[in-house]
Structures are given as C-alpha cells and as structure tokens.
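Each remark here refers to the structure printed beneath this line.
Number of protein chains: 2
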Amino acid sequence: MFLGTVRDDGDVSAIEYFAYEAMATQEIARIVSDAEAQWPDARVMLQHRLGVIPVGEASIAIAAAAPHRAEAFAACRFVIEEVKKRLPVWKKEMAHGA
Amino acid sequence: MFLGTVRDDGDVSAIEYFAYEAMATQEIARIVSDAEAQWPDARVMLQHRLGVIPVGEASIAIAAAAPHRAEAFAACRFVIEEVKKRLPVWKKEMAHGA
Numbered sequence: 281m282f283l284g285t286v287r288d289d290g291d292v293s294a295i296e297y298f299a300y301e302a303m304a305t306q307e308i309a310r311i312v313s314d315a316e317a318q319w320p321d322a323r324v325m326l327q328h329r330l331g332v333i334p335v336g337e338a339s340i341a342i343a344a345a346a347p348h349r350a351e352a353f354a355a356c357r358f359v360i361e362e363v364k365k366r367l368p369v370w371k372k373e374m375a376h377g378a
Numbered sequence: 281m282f283l284g285t286v287r288d289d290g291d292v293s294a295i296e297y298f299a300y301e302a303m304a305t306q307e308i309a310r311i312v313s314d315a316e317a318q319w320p321d322a323r324v325m326l327q328h329r330l331g332v333i334p335v336g337e338a339s340i341a342i343a344a345a346a347p348h349r350a351e352a353f354a355a356c357r358f359v360i361e362e363v364k365k366r367l368p369v370w371k372k373e374m375a376h377g378a
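Respectively, the protein sequence lines represent chains A and B.
First residue of the first sequence: 281, per this note's numbering; consecutive thereafter.
First residue of the second sequence: 281, per this note's numbering; consecutive thereafter.
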C-alpha cells in the first residue's frame with residue numbers, strides 16, 4: 281500500500297489538484313491493467329483525490345496485493361511511477377495566508 | 281505500508297507464530313534502526329503478531345514514511361527482507377479439520 285501525502289515544502293498549506301476527469305479515469309484503468317498484465321498474480325487498486333488537499337493529507341492511495349511480496353512491491357512501485365508520468369493531473373500549490 | 285497476510289496454501293487454515301519475545305523485540309529495534317541509518321529521512325514502524333493467525337489476516341505490518349517515495353519503498357522493502365532473515369520467529373501451519 282502506498283499513500284502519497286501533500287508535503288510541507290516551506291510555505292505550502294495545501295495543493296489543489298485538477299484533472300480532465302474522463303481522461304484521468306481512463307488512464308487510471310490503463311495503468312492498473314498494464315500492472316496486472318505485467319504481474320498477473322497481482323491485484324491493484326488506485327485512487328486519486330482532486331480539489332484542495334491540505335498538507336499532511338493523502339492525495340493518492342495505491343494498494344497492490346499479490347501472493348508474493350516481490351510482485352506486490354513491484355506492481356505498487358510501477359503504478360505510482362506511471363501515475364507521475366502518464367496521469368493528466370495538474371497541481372497548484374497554495375501558500376499560507378494567500 | 282506493507283501487510284504480510286497468512287496465505288491459503290492449499291489446506292492451511294491458520295499459522296501459529298512463536299518467538300523468544302525479548303530477543304525478537306530487540307532484533308526489531310535493531311532492524312528499524314538499521315533502516316533509519318541507511319535512509320535517515322525515513323521513519324519506520326514494524327509490528328509482528330504472535331500466536332494463531334487465521335488465513336487472510338495480517339501477521340506483520342510495516343510502515344515507512346519519507347519525504348520522497350524512493351526512500352519509503354526502499355526502507356519498507358529492506359525491513360521486510362531483514363525480518364525474514366533475522367527475526368527469531370518460527371511458524372507452524374495448521375490444517376483445516378486438524
């Protein structure tokens with residue numbers, strides 16, 4: 281299980297996430313099925329939040345289950361890396377007091 | 281976060297875990313501090329259950345948090361591999377109907 285949380289990089293109070301939801305949903309399904317094609321014993325779940333997410337809260341959760349831990353780790357890592365490369369989600373940092 | 285669950289390998293209904301608890305607790309602390317020495321930005325938590333654990337339930341939970349995901353994945357993976365190598369915990373499979 282991987283949780284990506286909004287990091288306090290200095291003055292950031294929150295991050296606002298935007299997406300073309302139809303495209304993003306389709307790309308998530310593709311990433312999950314690419315992972316399950318590469319690791320057929322693995323089952324993968326991926327959830328991305330949109331909108332304003334305060335520092336400390338999770339913006340993305342990925343769960344990968346497999347009979348052997350190597351596959352679970354590999355599938356989980358693959359999914360987060362592909363999300364960063366391929367998912368049409370943009371973000372805007374929101375500063376304290378802004 | 282890594283959860284190791286008891287797998288249904290055919291006829292297994294549960295696994296019973298045994299440990300010299302004082303030794304195991306000490307070794308867990310060493311593994312965690314080895315991980316945090318190797319990835320100084322990471323914080324690691326490890327919990328191992330003992331006794332009878334039914335199929336499908338988790339026997340071990342490892343949480344690794346770090347500012348960057350590469351460290352979190354590496355520290356989490358290191359900890360589960362070291363646990364399998366170093367932790368003085370033994371197990372006994374319990375069959376259905378036994």
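We put the CB at the ideal spot given by N, CA and C, even for glycine.
query: Contact list for B/GLY336 against chain A, beta-carbon separation under 8 Å; result: By Cβ distance, chain A contributes nothing, its closest Cβ being about 11 Å from B/GLY336, past 8 Å.
query: Under the three-state DSSP convention, the category A/GLU301 falls into; result: helix
query: DSSP bridge partner residues for B/PRO334 (one or two, in chain order); result: B/ALA294
query: For B/SER313 and B/ARG329, believed in contact at Cβ under 8 Å, the rounded distance; result: Actually they do not touch by this definition, with Cβ atoms about 22 Å apart.
query: A/TYR297 and A/LYS371 closer than 7 Å at C-beta; result: yes
query: Nearest to B/TYR300 (by Cα), restricted to the options B/GLY336, B/GLU373 and B/ARG366; result: B/ARG366
query: Buried or exposed (CB count within 10 angstroms, at least 16 for buried), B/ALA352; result: buried
query: Cutoff 7 Å: B/ARG323 Cβ touching any chain A Cβ; result: no
query: Contact check, A/VAL359 vs A/ILE308, beta carbons under 7 Å; result: no
query: Chain-ordered residues of the stretch 336 to 362 of chain B with a beta carbon less than 7 Å from chain A; result: PRO347, ARG349, PHE353, ARG357 and ILE360
query: Reduced DSSP secondary structure (H/G/I, E/B, other) of B/VAL286; result: coil
query: Contact list for the stretch 288 to 315 of chain A against chain B, Cβ threshold 8 Å; result: none
query: Contacts around B/ALA354, its chain only, beta-carbon distance under 7 Å, and the 5 residues preceding and following it disregarded; result: TRP319
query: Rounded C-alpha distance that separates B/GLU316 from B/ARG323; result: 6 Å
query: Chain A contact residues for B/MET281, given Cβ-Cβ distances below 8 Å; result: MET281, PHE282 and LEU283
query: Helix, strand or coil at B/ARG323 according to DSSP, with G and I counted as helix; result: strand
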